[in-house]
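What follows is a set of notes on a single structure, which appears directly below.
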Amino acid sequence: MSHHESHERVSVLQSVLSHALLIGAVIFALYPILWVVALAFSAGESPELGPVPVPDQFSMEHVEAVAMRRTDDGTWIFALQLGNSLLISIATALFAVAIATPAAYALSRFTFVGKKLTLGAMLATQMFPGVAAAIPLYLLMDALGLIDTRSGLVLVYATSAVPFAIFQLRSAFDAIPKDLEEAAMVDGATRFGAFRRVVLPTVRPSLAITFLFAFMTAWNEFILAATFLNREENYTLPVVLQRYVGEHAAQWGHFAAGAILVSVPVMALFYWLQRNLVGGLTAGGVKG
Amino acid sequence: MAELGLSGIRKGFGDTLILKGVDLHVADGQLVVLVGPSGCGKSTLLRTIAGLELPDQGTIRIAGKDLTKAPPKDRDIGMVFQSYALYPHLTVRDNLAFGLNLRKTDPSIVAKRIDEVAKMLGLGHLLDRFPRQLSGGQRQRVAMGRAIARRPSIFLFDEPLSNLDAALRAEVRVEIKRLHAELAATMVYVTHDQVEAMTLADKLVVLNGGLVEQEGTPLEVYERPKTKFVAGFLGSPAMNFLEGEVEGGRVRGEGFDLPARARTSGKVSVGIRPHDVYLAPEGGLTLDVEVVEAMGFETYAHGKLGGVKFVARLEGDHRPKPGERLRLDVAARHLHLFGPDGARLAVEDVASEGPADGPAEKKLQATEVS
């Protein structure tokens, strides 16, 4: 009896402790974000906030200033830069998925000379931070005349996005039973037909995740973008953001508003792909 | 419908030779069951017929055409996989229609076929569901339906019932037998299940170590196994084997002494099926009972006979106790004698009851084992 009671007390204590820990973790994670939100919607050039991040005076001035920014000749530069970011990120993601899908399938299903070496080499590329390659990349890009171009930046991003996507998709293909393709081939499909009609639809959630990952790395990348892009009309949003906190003046309100504007598309993309992120599409195909 | 002929099929993976020269003929409309222990090559053989593996040597002829190197899609076969392998992103209807659509079949014909198959297998109410919404038995039916809908000339079954529970398995087994009669189709069926092998097969083929060990009707193979391996593999509980010696018209060993109408002498393995023994006070078998399994209509007495494990099946009302010593007998025609090389020794066809006077003669009947 007493044994039973003590057991219960321990579990209540455990529950209180774990909740306290979790609440602490949530505050720890959210506090900076709340700061950014509060800053973005405060009034004044450099708004001050107390320990509780709530704006003194609610204002959209920073958001407006960032989102509506125009150059002296009247070009809506923010729209241009948002477009750059979207274009470069989507192109990187499409590029990565398009190249990685057949490569990952081959690595998953076939044995061929150099397979291990290929995998090892691709793994090696993931071990270096992108910056480490910045100087050689700069020389290469310069030789190719791709400095300060958006397509050049897409290529640079693809060098790291493609191997990562290959690893992700390879494990996704590995998880699909060979029986499915074989059934399709017996049913009258060629190997490519089986791939297109059975394997690809089945692996759709992984394709979505891979796309999202590649998109996000490109979307958030700052250092390489800052290195390779010179003209303001070619900037991506992270570069734009950084310039609000320059050497001469720190426009924290603008920076915060910009940070929120940068996050919105990613959140939208997550929301849109959420349906695909929920796995279980394979369920039921083979014994279960 | 078509006949299928395999000759000299050899197939290896790396250094391991799985099929070592298999010949097999399946007549038009025949249902051939391939059985054998794990790793005997039965699944590989089936996959070779399907074209999912290419043989290293040998030829495959379907309906008289040499299709040894043809891709699976050109062989006009339907296959039911052990895992069912239903397309998870397609409804039951689209799973059934998949092969027909690939062949650009007229939509009205596709609809008609789906209708037929759904009726045949009772899938009508499931057509709009996805595989994940089906039970194991329903998935199995869809897998069969998918093969049937295309009306292939040959059906291949790769252990199709092994993922079903016992009751369902028995039900679907009967269903397959019915379908075979209804479709009059040529079928090759791989299983390791005794009952499926015995009940479904027109012809039973026992594979062992990549070779055909014996083929024949199920009863032929059961009653006259050509090798000790086949004898031990078919039948449940498995055949008992006692080591003894034939001498003077009798076969003797520790715990047994039986008349044996064999014209051979020397060491033999004596095979006795549990079902072939009966209680007899003067019987030539002495069994020390250790464990008793009473099934109601019959009783299995497990024990030792001359230090060797032995199982006897008794009628339901005989229920010995552990520790009891039983005297059993077996009819001479139910004795299976095997030589040291595992080949069956002629017993039945030697009429003389007296001691063998000629030189020990072995009739090796397992010459097909190459």
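Chains as they are written, first to last, in the working numbering: chain A, 58 to 345; chain B, 815 to 1184.
All C-beta atoms in this analysis are idealised placements derived from N, C-alpha and C, irrespective of residue type, glycine included.
The structure displayed is predicted, hence computed values, not measured ones.
Neighbourhood of A981(B) in chain A, by CB distance below 8 Å: empty, with the nearest CB roughly 18 Å away. Secondary structure of L978(B) (DSSP, three-state): coil.
About 7 Å separates the beta carbons of E102(A) and G310(A), which is inside the 8 Å limit, making them a contact pair. With respect to the 8 Å criterion, T168(A) and P220(A) are not classified as neighbours on the basis of their beta carbons. P886(B) and D1131(B) have their C-alpha atoms spaced approximately 55 Å apart. Annotated three-state conformation of V847(B) is strand, per DSSP.
Residues of chain A whose Cβ lies closer than 7 Å to the Cβ of I891(B) are, in chain order, V243. Contact holds between the segment 315 to 322 of chain A and the segment 291 to 305 of chain A, because three or more Cβ pairs, one in each stretch, are under 8 Å apart.
A Cβ-Cβ distance of about 32 Å is found for the pair A841(B) and L237(A), leaving them out of contact under the 8 Å criterion. Beta-bridge analysis with DSSP links T830(B) to F827(B). Cβ contact annotation for A307(A) (same chain, cutoff 8 Å, sequence separation greater than five): S103 and Y301, in chain order. In this structure, DSSP gives V1035(B) a helical state, which the three-state scheme calls helix. Annotation for N1022(B): the continuous beta strand (DSSP E) segment containing it runs K1017 to N1022. Shown here for L1021(B): same chain residues with a beta carbon closer than 8 Å to its own, the five before and five after excluded, namely V836, L848, V849, G850, C854, G855, K856, L859 and E1027 in chain order. For the pair L845(B) and D1016(B), the CB atoms are nearer than the 8 Å cut-off. Interface with chain B (8 Å Cβ-Cβ cutoff): P258(A) is included. It is roughly 21 Å from the alpha-carbon of L197(A) to the alpha-carbon of S146(A). Residues of chain B whose Cβ lies closer than 9 Å to the Cβ of A232(A) do not exist, since the nearest Cβ in that chain is about 12 Å away. By the Cβ-count criterion, T830(B) is exposed, with fewer than 16 other Cβ atoms from all chains shown falling within 10 Å of its own Cβ.
Contact annotation: E973(B) and H1006(B) have beta-carbon atoms nearer than 8 Å. Boundaries of the alpha helix (DSSP H) around Q138(A): I134 to R166. Non-local beta-carbon contacts of G865(B) in its own chain, meaning distances under 7 Å to residues more than five positions away in sequence, involve A884, P885, P886 and R889 in chain order. The alpha helix (DSSP H) runs of length 4 or more contained entirely in the segment 845 to 930 of chain B are, from start to end of the chain, 856 to 864 and 906 to 916. Interface residue (Cβ-Cβ distance to chain A less than 8 Å): S1079(B) is not classified as such. Residue contact check for A229(A) against chain B: no CB pair falls below 8 Å. Residue-level contact check: T247(A) touches chain B, since one or more beta carbons of chain B fall below 8 Å from its beta carbon. A straight-line Cα-Cα distance of about 23 Å links A1115(B) and V1065(B).
In the structure shown, P966(B) falls within a coil segment according to DSSP collapsed to helix, strand and coil.
Separation of P966(B) and V321(A) (C-alpha to C-alpha, rounded to the nearest whole angstrom) is 55 Å. Judged by DSSP in its simplified three-state form, Q947(B) adopts helix. Boundaries for M1001(B): no alpha helix (DSSP H) harbours it, while the beta strand (DSSP E) harbouring it runs T1000 to V1004, taken from the DSSP string. Close CB contacts of T149(A) within its chain, under the 8 Å cut and outside five residues either way in sequence, are with V211, Y214, A215, A218, A271, F272, T274 and A275 (chain order). Per the DSSP secondary-structure output, N287(A) pairs with nothing in a beta bridge. For G1153(B), the closest C-alpha among the options P1039(B), M958(B) and T905(B) is that of P1039(B).
In the three-state reduction of the DSSP assignment, K172(A) falls in the helix class, which pools H, G and I. The DSSP assignment places no complete run of the beta strand (DSSP E) inside the segment 83 to 126 of chain A (cut-off: 3 residues).
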